[in-house]
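Taken in order, these protein sequences are the chains called A and B. Heads up: the first sequence at position 70 corresponds to 70 in the numbering used here, and the numbers run straight through without jumps. Heads up: the second sequence at position 106 corresponds to 1106 in the numbering used here, and the numbers run straight through without jumps. One structure is given below, encoded as structure tokens.
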Amino acid sequence: MSESAEFEVLLRRALAPVEPPADLSQRLETTLANLTELAAAELEGWELETMRDPRNWARPAAAAVVGTTAGVALVLVRARRRAKRRRPDNALDAAERALRDVFGEAGRILRDVRR
Amino acid sequence: MSAPTKPKAQLDAEFSELYRAHLRDVYSYSYYRIGNHHDAEDLTEQTFLQAYRHFERAQRESDGRPLRPWLIRIAHNLAANYYRDRSRKPQTHIDDDTVLAAPHDTESLVEGREELQRILEGVAELPDDRREALIMRFALGMDNREIARAMGRTDGATKVLLHRATRQLEQIVKEREEAA
């Protein structure tokens, strides 16, 4: 075997495929399965502006709990990921941003699902 | 005239199939690209969520060709964002359990571990495009055409890229061996 061919054998061994952790597969399957069941109708028409008023939070929050447990989990995962990238100035800021992230992400997912 | 839209249940079933067939590919790519399991999991998750969003269009536009290059391209773009957002470079030190996680036999683990580690460190030193091409070829077993599609290059350019990447890596490893 030539030197180059031998090196390629080594390279193939060094870069052997890596099995994903079992919990990743399970988590992803659950997320994808539930993503298809989002309660799109209930969550329709959310606007960030209306979310500024706490009196408007109850209805969509209830819809999310009833229809989209895992969908919301996905939303929260994404929102949390964004939150990790930023350092808020104070607790109020953090709460407002987190809320905006969650609702923004929910809207994006629903638009995608409907497409 | 555009093709009729598939029922959502059918699309979901086909996406599940794609997911099962290529989860390991996307994870392996992410892992070797980034160098740690934690972020590789995150990248894999994001890749499939993104793929789910655009699956229908990708199917239409793929014209029956395999979708693996498309998936890997999504992972590639997300990995590029990962580095840009966090101003990170690929880790030269791969998680310690990498070689153990891969399907090597016991003998190779004992005898070749240092050599394999030198190769992995050399891979991390390569320019981005060369590193990616090698990961796709050797970790995922993609052929030139698939790699070309994933990287948006011609088959010829991909062949040259792979050749140069291998030669450069060989040189890096040789220098490391001599220095050791």
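Yeah, the Cβ is synthetic: ideal placement off N, Cα and C, and Gly gets one too.
Self-check item: Beta-carbon spacing of Phe1048(B), Tyr1019(B) below 7 angstroms
Solution: What you label residue 1048(B) is simply residue 48 of the second sequence in a count that begins at 1. What you label residue 1019(B) is simply residue 19 of the second sequence in a count that begins at 1. Yes.
Practice problem: Just mark Val1173(B) as buried or exposed, buried being the case when its beta carbon has 16 or more other beta carbons within 10 Å. | Solution: The residue you call residue 1173(B) lines up with position 173 of the second sequence. Under this definition Val1173(B) is a buried residue.
Self-check item: Cβ distance (whole Å) where Ile1072(B) is taken to contact Asp1025(B) below 8 angstroms
Solution: Indexing the second sequence from 1 puts residue 1072(B) at position 72. Indexing the second sequence from 1 puts residue 1025(B) at position 25. Indeed, because the Cβ distance is near 7 angstroms, the residues count as touching under 8 angstroms.
Quiz prompt | Bounding residues of the alpha helix (DSSP H) (the contiguous stretch that carries Thr1154(B)) | solution = Walking along the second sequence from the start, residue 1154(B) turns up at place 154. Counting along the chain, Thr1154(B) sits inside no alpha helix (DSSP H), nor does DSSP assign it H or E at all.
Exercise. Determine, using beta carbons only, whether Val9(A) comes closer than 7 angstroms to chain B.
Key: Here residue 9(A) refers to the residue found at position 9 when the first sequence is read from its first residue. No, no contact with chain B.
Practice problem: Flag Ala1080(B) as yes if its beta-carbon sits less than 7 angstroms from any beta-carbon of chain A, otherwise no. | Solution: Indexing the second sequence from 1 puts residue 1080(B) at position 80. Chain A, which has no Cβ nearer than 7 angstroms to the Cβ of Ala1080(B), makes this no.
Quiz item: What are the start and end residues of the alpha helix (DSSP H) that includes Lys1008(B)?
Solution: For the purposes of this step, residue 1008(B) is taken as residue 8 along the second sequence, with counting starting at 1. First-last of the alpha helix (DSSP H) with Lys1008(B): Lys1008 to Ile1034.
Quiz prompt | Stretch pair the stretch 1075-1085 of chain B + the stretch 1156-1174 of chain B: three plus CB contacts closer than 8 angstroms | solution = no
Exercise. Could you pull out every residue in the same chain whose Cβ sits closer than 6 angstroms to the Cβ of Arg1145(B), ignoring the five residues on either side in sequence?
Key: Reading the second sequence from its first residue, position 145 is the one you call residue 1145(B). Excluding residues within five positions, the ones whose Cβ falls inside 6 angstroms are Asp1155.
Quiz item: What residue does the alpha helix (DSSP H) around Asp1128(B) start on, and which one ends it?
Solution: Stepping through the second sequence from its first residue, residue 1128(B) is reached at position 128. Unbroken alpha helix (DSSP H) run through Asp1128(B): Asp1128 to Leu1134.
Quiz item: Leu15(A): which of Ser1062(B), Ala1150(B), Ala1051(B) and Leu1116(B) sits nearest, CA to CA?
Solution: Residue 15(A) sits at position 15 when you count from the first residue of the first sequence. The candidate whose alpha carbon is nearest that of Leu15(A) is Leu1116(B).
Quiz item: Just to confirm, are Pro1069(B) and Ala1150(B) a CB contact at a threshold of 7 angstroms?
Solution: Locating residue 1069(B) in the second sequence gives position 69, where the first residue counts as 1. Locating residue 1150(B) in the second sequence gives position 150, where the first residue counts as 1. Cβ distance < 7 angstroms, so Pro1069(B) and Ala1150(B) count as in contact.
Exercise. Determine the contact status of Glu1029(B) and Ala1075(B), defining contact as a CB-CB distance below 7 angstroms.
Key: As a position in the second sequence, residue 1029(B) is number 29, starting the count at 1. As a position in the second sequence, residue 1075(B) is number 75, starting the count at 1. A quick correction: the sequence has Tyr, not Glu, at residue 1029(B). Closer than 7 angstroms, so yes.
Quiz item: Roughly how many angstroms lie between the CA atoms of Gln1059(B) and Lys1006(B), to the nearest whole one?
Solution: Translated into positions along the second sequence, residue 1059(B) becomes position 59. Translated into positions along the second sequence, residue 1006(B) becomes position 6. About 10 angstroms.
Quiz item: Taking Cβ to Cβ, would you say Glu17(A) is nearer than 7 angstroms to Ala1021(B)?
Solution: As a working note, residue 17(A) is residue 17 in the first sequence. As a working note, residue 1021(B) is residue 21 in the second sequence. The sequence as given places Pro at residue 17(A); Glu does not occur at that position. For Pro17(A) and Ala1021(B), no; Cβs fall outside 7 angstroms.
Quiz item: Going along chain A, which residues have a C-beta under 9 angstroms from Ile1135(B)?
Solution: In the second sequence, counting from the first residue as 1, residue 1135(B) sits at position 135. Those are Leu15, listed as they occur along chain A.
Quiz item: Gly1112(B) touches chain A at which residues, Cβ-Cβ below 8 angstroms?
Solution: Position 112 of the second sequence holds residue 1112(B). Residues of chain A passing the Cβ test: Leu10 and Arg13.
Quiz item: Using a Cβ-Cβ distance under 7 angstroms, would Phe1055(B) count as near chain D?
Solution: The structure shown has no chain D; the protein chains it does contain are A and B.
Self-check item: Three-state secondary structure (DSSP) of Thr1143(B)
Solution: For this step, residue 1143(B) is matched to residue 143 along the second sequence. The question names Thr, but residue 1143(B) in the sequence shown is Asp. Correct three-state label for Asp1143(B): coil.
Practice problem: Scan the stretch 1155-1171 of chain B for residues whose Cβ lies nearer than 9 angstroms to a Cβ of chain A and list them as they occur along the chain. | Solution: Thr1166, Arg1167, Leu1169 and Glu1170
Self-check item: Thr1005(B), DSSP secondary structure in three states
Solution: Translated into the one-based positions of the second sequence, residue 1005(B) becomes position 5. In this structure, Thr1005(B) counts as coil in the three-state DSSP scheme.
Quiz item: Which chain A residues sit within Cβ distance under 8 angstroms of Tyr1027(B)?
Solution: Position 27 of the second sequence, counted from the first residue, corresponds to residue 1027(B). Per Cβ cutoff of 8 angstroms: Val18, Glu19, Pro20 and Leu24.
Quiz item: Which two residues bound the contiguous alpha helix (DSSP H) that contains Glu19(A)?
Solution: Counting from one through the first sequence, the residue named residue 19(A) turns up at place 19. Premise fails: Glu19(A) is in no alpha helix (DSSP H) and is neither H nor E.
Self-check item: Simplified DSSP assignment, three categories, for Glu1066(B)
Solution: Reading the second sequence from its first residue, position 66 is the one you call residue 1066(B). The displayed chain sequence assigns Pro, not Glu, to residue 1066(B). It is coil, neither helix nor strand.
Quiz prompt | 7 angstroms Cβ cutoff, Tyr1031(B) in contact with chain A | solution = Position 31 of the second sequence holds residue 1031(B). Closer than 7 angstroms to some Cβ of chain A, the Cβ of Tyr1031(B) qualifies, so yes.
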